[in-house]
Ligand code: PEP
Ligand code: MN
C-alpha cells in the first residue's frame, strides 16, 4: 500500500501517519521527493483500513497495490480451481455443467418428472429449494425439511447431484446430508455468520452474487469461505438490480470474464433469476457459455403456469432439452464440452498419460 502525502503536508503530519502505521504493525518506508513524500507499506495489508488513512491530515491518496482477495485471487493460484461434486461431476474443468430443476420442491411426482427429463437432456445436477427466500412473507416459503428427502430420492434415482439453498446456519447439518453443492442465495451473500459456518462444512458451496454486490464484495464473500477452510467455492452470477424494469434483474455477463481474470474459482450463470422472463432464459444461457461460464443453473418446471414460485421464469422440460442441445454446440465452439461422457473419456486418457 502506498500513502501519498499532499505537497503541503507538514513533517508532523507525515510522522503522525508513520506512527499510526507503526502502532498497527505495518511499518512504512518513507520516500521523500522534491515536492511530495510517500509512505510505502509492503507485505499483506488486507487488514489495514485505507479509509481511515484517507481521513488523516496531510494524506492526499491511498493506493492499494495488491488485491484484497488473497485466496480467491490468481496471484498465489494461477491455475483454475475445479470443484468436485463426486461421481465425475467437476465444475471448472473442460465440461460445462448443466444444473436444472424447479425453483422450489413442490411435490414428489412433479420433482420426479422434472428430474427424469433434465437428466435425459444432459443435466448433471438437480436444483430445487427447500426453504425459499421470498420477498413477501405471504408467498410460498418452501416445504422445508421434507423437500430435502424428496430431492435426495429423485437425485439418487436419476444419477444426479443436488444443489439446494441453505438460509439458516442451524440447517447446515441437515442440508449437508443431501446437498452435493450448498447454495448461498443472493440475499445471503454477505451473511457473514452463514459464510463462516459454511466455511467449516465439508461441502462445496455455490455463492450467488448479491443483487447489488460489486465484484470486490463478491470475491471478498468468497474469501470468507476460503479463509475459513473450504476450498470448494463456485461463484454464480444471477443478475443485479438496475434502473430498467423490463427484466426482473440485469444479467451481468460481463462479470464472467472479469471474475475469470481475477479469480481461479469456477463461475456459473443463472439466467432464470438473471432475467426473470422465460423467453430470455435460453438466449442468455447460450451467451453465458460463450462468455466463458463453467455451467448454468436453470429453473425448469413441468407446468410453469402452475409453479408455486418463479413460474414466469421457469422453462418446460422440452425447452430445457432444446437449450441443452444449443449449449452443446456453443460449448464445442469455445473449446469445451457439455457431454459428460466425452469429458470423462478425455480425462481418463489424460490420466493414463
Ligand atoms: C433460487 O435459486 O431459487 C434463488 C432464490 O436464487 P437467488 O438467491 O439468486 O434469488
Ligand atoms: Mn427461483
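In the working numbering, the protein residues as written are 245 to 597.
Virtual Cβ for every residue (Gly too), placed ideally from N, Cα, C.
Point to revise | Heavy atom of ligand 2 within 7 Å of residue 545 beta-carbon | key: Numbered from 1 along the chain shown, position 301 holds the residue referred to as residue 545. False, no ligand heavy atom lies under 7 Å from that Cβ.
Check your understanding: Sorry if obvious, but does the Cβ on residue 504 come closer than 7 Å to a heavy atom of ligand 1?
Key -> In the chain shown, the residue the question calls residue 504 occupies position 260. Taking 7 Å as the cut-off, the C-beta of residue 504 does not count as close to any heavy atom of ligand 1.
Practice item. Provide the residue span of the beta strand (DSSP E) that contains residue 249, from first to last. Key: The count along the chain shown starts at 1 and reaches residue 249 at position 5. Looking at the DSSP string, the run of the beta strand (DSSP E) that includes residue 249 is 246-249.
Check your understanding: Roughly how many angstroms separate the alpha carbons of residue 568 and residue 417, rounded to a whole number?
Key -> For the purposes of this step, residue 568 is identified with residue 324 of the chain shown, where counting begins at 1. For the purposes of this step, residue 417 is identified with residue 173 of the chain shown, where counting begins at 1. Whole-angstrom Cα-Cα distance: 33 Å.
Check your understanding: So, helix, strand or coil for residue 325, using DSSP?
Key -> In the chain shown, residue 325 corresponds to position 81, counting from 1. In the structure shown, residue 325 sits in coil (DSSP, three-state: anything other than H, G, I, E or B).
Practice item. Give the DSSP bridge partners of residue 348, in chain order. Key: Numbered from 1 along the chain shown, position 104 holds the residue referred to as residue 348. Bridge partners of residue 348: 373.
Practice item. Identify which residue in 451, 515, 336 and 332 has its Cα closest to the Cα of residue 403. Key: As a position in the chain shown, residue 403 is number 159, starting the count at 1. It is 332 whose Cα lies nearest to the Cα of residue 403.
Practice item. Taking only heavy atoms of ligand 4 into account, decide whether any of them is closer than 7 Å to the Cβ of residue 522. Key: This structure lacks ligand 4; its bound ligands are ligand 1 and ligand 2.
Point to revise | Contact check, residue 482 vs residue 517, beta carbons under 8 Å | key: Position 238 of the chain shown holds residue 482. Position 273 of the chain shown holds residue 517. Yes. Within cutoff.
Check your understanding: Is DSSP giving residue 581 helix, strand or coil here?
Key -> Counted from its first residue, the chain shown places residue 581 at position 337. Correct three-state label for residue 581: strand.
Practice item. Report the partner residues of residue 512 according to the DSSP bridge assignment. Key: Translated into the one-based positions of the chain shown, residue 512 becomes position 268. 480.
Check your understanding: With 16 as the cutoff for other CB atoms within 10 Å, does residue 296 come out buried or exposed?
Key -> Start at 1 with the first residue of the chain shown, and residue 296 comes out as number 52. Under this definition residue 296 is an exposed residue.
Review point. Would you report the Cα separation of residue 597 and residue 471, rounded to the nearest angstrom?
Key: Working through the chain shown from its first residue, we reach residue 597 at position 353. Working through the chain shown from its first residue, we reach residue 471 at position 227. Its pLDDT being 43, under 50, residue 597 is placed unreliably in this model, and the value from its coordinates should be taken loosely. C-alpha separation (whole angstroms): 34 Å.
Review point. At a cut-off of 7 Å, is residue 380 close to ligand 2 when judged by its beta-carbon and the heavy atoms of the ligand?
Key: Taking the chain shown and counting its residues from 1, one reaches residue 380 at position 136. Distances from the CB of residue 380 to the heavy atoms of ligand 2 are all 7 Å or more.
**Study point:** Rounded separation between residue 580 and residue 489 - CA only
**Key:** For this step, residue 580 is matched to residue 336 along the chain shown. For this step, residue 489 is matched to residue 245 along the chain shown. Roughly 34 Å between the two C-alpha positions.
Review point. Which value, in whole angstroms, describes the spacing of the CA atoms of residue 361 and residue 370?
Key: Walking along the chain shown from the start, residue 361 turns up at place 117. Walking along the chain shown from the start, residue 370 turns up at place 126. Each residue's alpha carbon lies about 11 Å from the other.
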